[in-house]
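Protein sequences appear in the order of chains A and B. Be aware that the first sequence starts at 1, since it is given in our numbering, and climbs by one per residue. Be aware that the second sequence starts at 1001, since it is given in our numbering, and climbs by one per residue. I have placed the structure first, in the form of structure tokens, so that the comments after it can refer back to it.
Protein chains: 2
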Amino acid sequence: MKMSELLQRSGVPLATVKYYLRAGLLAPGESTGATTAIYGEQHVRRLALIRALTEVVGLPLASVRTILGLIDEPAPDRFRTLGRAIEVLPPAVEADPGADYPRARAALAEIGQLYDPGYAAVAQLERGLAAAEAVGMPMGTERLHGYARHVMAIAEIDLAQLPGDDTSRAVEYSVLGTAVYEPILAAMRRLAHQDLAHRILGPAAGDRD
Amino acid sequence: MKMSELLQRSGVPLATVKYYLRAGLLAPGESTGATTAIYGEQHVRRLALIRALTEVVGLPLASVRTILGLIDEPAPDRFRTLGRAIEVLPPAVEADPGADYPRARAALAEIGQLYDPGYAAVAQLERGLAAAEAVGMPMGTERLHGYARHVMAIAEIDLAQLPGDDTSRAVEYSVLGTAVYEPILAAMRRLAHQDLAHRILGPAAGDRD
DNA sequence: CTACCTTGGATAGTACAACTATCCAATCGG
DNA sequence: CCGATTGGATAGTTGTACTATCCAAGGTAG
């Protein structure tokens, strides 16, 4: 298809597509002359992916670029690829293998999980726990164990979906699954809160007008 | 305390504190003359809260302002207060009571929860589900049920922590708990993924160098 | 008591991200 | 063959979150 059709199919304005091309987020079409190039389905999908990551997940374009790069050329092993992808997901925190994350270390020890200060998610956990403390609602042991149990169950569901044979697709699945399903989980938690509040606080308290 | 001490205690630069004062995020100190005012512990706490919401949760200041306003002056009932707070949490989506959210409606019907297009979280769920579809990994029924079960269990843990007697504290708890514990849950899910990947894919695949 | 420091208040400037708009020239297509 | 489309380049806009400077008045240490 030509540019005009790509614009129509994707719903992205021309100026923005040009911007993505310049930024290296979108591969140029196959040039068929000085003033034309043809684009394929992969361009439509790529645009949808960029928009989903920016608008729904809320990623800055620099992070989108990293994730797209990982999908196109994964790191030698899945584990490291996923680790790299996680680093750019919000809230972006760079892991410092030399640093100590005391709250995260204690929490992970408590629930029997591996503590590795080189994981970005460990730094994120530390920040989250510190923030919870700072606003006067630190995480208790009971809550921690409860969260851990159910989060682990959710992670098992996620991994069960993982296509085991095709590595490249598995990487794409892992990376996108982490990013895309996070907002869904957050929304479901919020809805669960409202559902529970409605049932427990009673119809009176739950009445919306 | 005086301004200089507030700066030291909070670690926030003077220019930024002045900016927050101007923006109405921080109440002015009690004026003791044309060029002095005294600040209290509540100012230190408020600054910590602002920083936690902006840096850890990643909220824009406009959303922080809304949340602070809800904590200071909650809406008539908890249910609506929490609803308003949820609306400003990322990814910010405004709920349109007149709109239809087919994916969210189907999903909520499937798991037996109330569907109300007036909830911002419903619009968020719709967006998330649509994004998952757009990138080629739509949510299946099995996954939906699994998520729902565990998310509901997590929400029950959250609500168990809620102080039942003091409404104002309960509101603060609900609002902050939703915002602050979301990044913690996200980090825990990512760590659970890595933990599982390490155990299932084996030490070889999990080797980090 | 006085010279310097702190403060409050106002205003302007900076930095970055993510577009958005325009211009030009080549060329494609009816 | 002539208007519309395209690629390529460049400049401008919008929004957010600060950051820096200036001024005047009031506090404060010696």
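In this text, a Cβ means the ideal position worked out from N, Cα and C, and glycines have one as well. Fair warning: this is a prediction, and the values are worked out from it, not measured in the lab.
Could you say which of the options lies nearest to residue i if we only look at CA atoms?
{"i": "Thr1141/B", "options": "Glu1087/B, Ala1034/B, Ala1106/B, Arg1189/B", "result": "Ala1106/B"}
{"i": "Asp100/A", "options": "Glu182/A, Gln42/A, Tyr119/A", "result": "Tyr119/A"}
{"i": "Ala1155/B", "options": "Ala1134/B, Gly1177/B, Ala1170/B", "result": "Gly1177/B"}
{"i": "Val1057/B", "options": "Ile157/A, Leu125/A, Tyr115/A, Pro97/A", "result": "Leu125/A"}
{"i": "Arg1051/B", "options": "Leu1185/B, Ala1197/B, Val1180/B", "result": "Val1180/B"}
{"i": "Tyr20/A", "options": "Ala148/A, Glu41/A, Leu49/A", "result": "Leu49/A"}
{"i": "Leu1047/B", "options": "Leu1006/B, Thr1036/B, Ser1031/B, Asp1077/B", "result": "Leu1006/B"}
{"i": "Glu1133/B", "options": "Asp116/A, Arg45/A, Ala130/A, Asp195/A", "result": "Arg45/A"}
{"i": "Ala37/A", "options": "Ala23/A, Thr54/A, Leu53/A, Lys18/A", "result": "Lys18/A"}
{"i": "Met1188/B", "options": "Arg9/A, Leu162/A, Arg169/A, Arg103/A", "result": "Arg103/A"}
{"i": "Gln161/A", "options": "Ala1197/B, Val1175/B, Pro1163/B", "result": "Ala1197/B"}
{"i": "Glu1182/B", "options": "Phe1079/B, Leu1059/B, Pro1097/B, Ile1111/B", "result": "Leu1059/B"}
{"i": "Ala1130/B", "options": "Tyr39/A, Thr35/A, Leu53/A", "result": "Leu53/A"}
{"i": "Glu1041/B", "options": "Gly1112/B, Pro1117/B, Met1001/B, Arg1169/B", "result": "Met1001/B"}
{"i": "Val175/A", "options": "Asp72/A, Gly128/A, Arg22/A", "result": "Asp72/A"}
{"i": "Tyr39/A", "options": "Ser63/A, Arg80/A, Ser10/A", "result": "Ser10/A"}
{"i": "Ile1111/B", "options": "Asp195/A, Arg22/A, Met3/A, Gln8/A", "result": "Asp195/A"}
{"i": "Pro1097/B", "options": "Phe1079/B, Pro1117/B, Arg1080/B, Gln1113/B", "result": "Pro1117/B"}
{"i": "Arg65/A", "options": "Ala27/A, Arg149/A, Val135/A, Met3/A", "result": "Ala27/A"}
{"i": "Arg1169/B", "options": "Val135/A, Glu55/A, Arg190/A", "result": "Val135/A"}
{"i": "Gln1113/B", "options": "Gln1008/B, Arg1149/B, Gly1128/B, Thr1016/B", "result": "Arg1149/B"}
{"i": "Arg127/A", "options": "Ser1063/B, Glu1055/B, Arg1190/B", "result": "Glu1055/B"}
List the whole-angstrom C-beta distance separating residue i from residue j, where the pair is believed to meet the contact cut-off of C-beta under 8 Å.
{"i": "Ile200/A", "j": "Leu1159/B", "result": "7 Å"}
{"i": "Val1122/B", "j": "Ala1095/B", "result": "7 Å"}
{"i": "His1043/B", "j": "Gly1029/B", "result": "7 Å"}
{"i": "Leu61/A", "j": "Leu25/A", "result": "7 Å"}
{"i": "Leu70/A", "j": "Ala85/A", "result": "5 Å"}
{"i": "Val88/A", "j": "Ala1192/B", "result": "About 19 Å; that fails the 8 Å criterion."}
{"i": "Tyr1173/B", "j": "Met137/A", "result": "7 Å"}
{"i": "Tyr147/A", "j": "Leu1185/B", "result": "7 Å"}
{"i": "Val171/A", "j": "Pro76/A", "result": "With a Cβ gap of about 11 Å, Val171/A and Pro76/A do not count as contacting."}
Quick one: grab the DSSP three-state call for residue i.
{"i": "Glu1099/B", "result": "Looking at the sequence itself, residue 1099/B is Ala, so the reference to Glu does not match. If DSSP states are grouped into helix, strand and coil, Ala1099/B belongs with coil."}
{"i": "Glu87/A", "result": "helix"}
{"i": "Ile1038/B", "result": "strand"}
{"i": "Glu142/A", "result": "helix"}
{"i": "Glu30/A", "result": "strand"}
{"i": "Val1057/B", "result": "coil"}
{"i": "Gln1161/B", "result": "coil"}
{"i": "Leu196/A", "result": "helix"}
{"i": "Asp209/A", "result": "With a pLDDT of 43 at Asp209/A, under the threshold of 50, the predicted position of this residue should be treated as unreliable, and no value is reported."}
{"i": "Asp1072/B", "result": "helix"}
{"i": "Asp177/A", "result": "Per the sequence presented here, residue 177/A reads as Gly, with Asp not at that position. Helix, per DSSP."}
{"i": "Met152/A", "result": "helix"}
{"i": "Leu1114/B", "result": "coil"}
{"i": "Glu182/A", "result": "helix"}
{"i": "Ala1204/B", "result": "Any reading at Ala1204/B must be qualified, since the residue scores a pLDDT of 49, below 50, and its modelled position is unreliable; no value is offered."}
{"i": "Met1188/B", "result": "helix"}
{"i": "Glu172/A", "result": "helix"}
{"i": "Arg80/A", "result": "helix"}
Residue i lies in the alpha helix (DSSP H); which residues open and close that run?
{"i": "Met1003/B", "result": "1003-1010"}
{"i": "Tyr19/A", "result": "14-23"}
{"i": "Leu1125/B", "result": "1120-1134"}
Q: Using a Cβ-Cβ cut-off of less than 8 Å, list which residues of the stretch 157-189 of chain A approach chain B; keep chain order.
A: Ile157, Asp158, Leu159, Gln161, Tyr173, Ser174, Leu176, Gly177, Thr178, Val180, Tyr181, Glu182, Pro183, Ile184, Leu185, Ala186, Ala187, Met188, Arg189
Q. The stretch 144-156 of chain A: which residues have C-beta closer than 7 Å to a C-beta of chain B, in chain order?
A. Gly146, Tyr147, Ala148, His150, Val151, Met152, Ala153, Ile154, Ala155, Glu156
Q. Closer than 9 Å, Cβ to any Cβ of chain A: which residues of the stretch 1117-1129 of chain B, in chain order?
A. Those would be Gly1118, Tyr1119, Ala1120, Ala1121, Val1122, Ala1123, Gln1124, Leu1125, Glu1126, Arg1127, Gly1128, Leu1129, in chain order.
**Q.** Interface positions of the stretch 1035-1047 of chain B facing chain A (Cβ-Cβ less than 9 Å), listed along the chain
**A.** Arg1045
(Q) Counting only Cβ-Cβ distances shorter than 9 Å, please list the residues of the stretch 1001-1025 of chain B near chain A, keeping chain order. (A) Among the residues of the stretch 1001-1025 of chain B, none has a Cβ less than 9 Å away from any Cβ of chain A.
Q. If contact means a Cβ-Cβ distance below 9 Å, which residues of the stretch 47-60 of chain A contact chain B?
A. Ala48, Leu49, Arg51, Ala52, Leu53, Glu55, Val56, Val57, Gly58
**Q.** Members of the stretch 1064-1087 of chain B that neighbour chain A once the beta carbon cut-off is set at 9 Å
**A.** Asp1077, Arg1078, Phe1079, Arg1080, Leu1082, Gly1083, Ile1086
Q. What residues in the stretch 1131-1142 of chain B bring their beta carbon closer than 9 Å to a beta carbon of chain A?
A. Listed by position along the chain: Ala1131, Ala1132, Ala1134, Val1135, Gly1136, Met1137, Met1139, Gly1140, Glu1142.
**Q.** Contact residues within the stretch 190-201 of chain A, judged by C-beta distance below 8 Å to chain B
**A.** So the close ones are Arg190, Leu191, Ala192, His193, Gln194, Asp195, Leu196, Ala197, His198, Ile200, Leu201.
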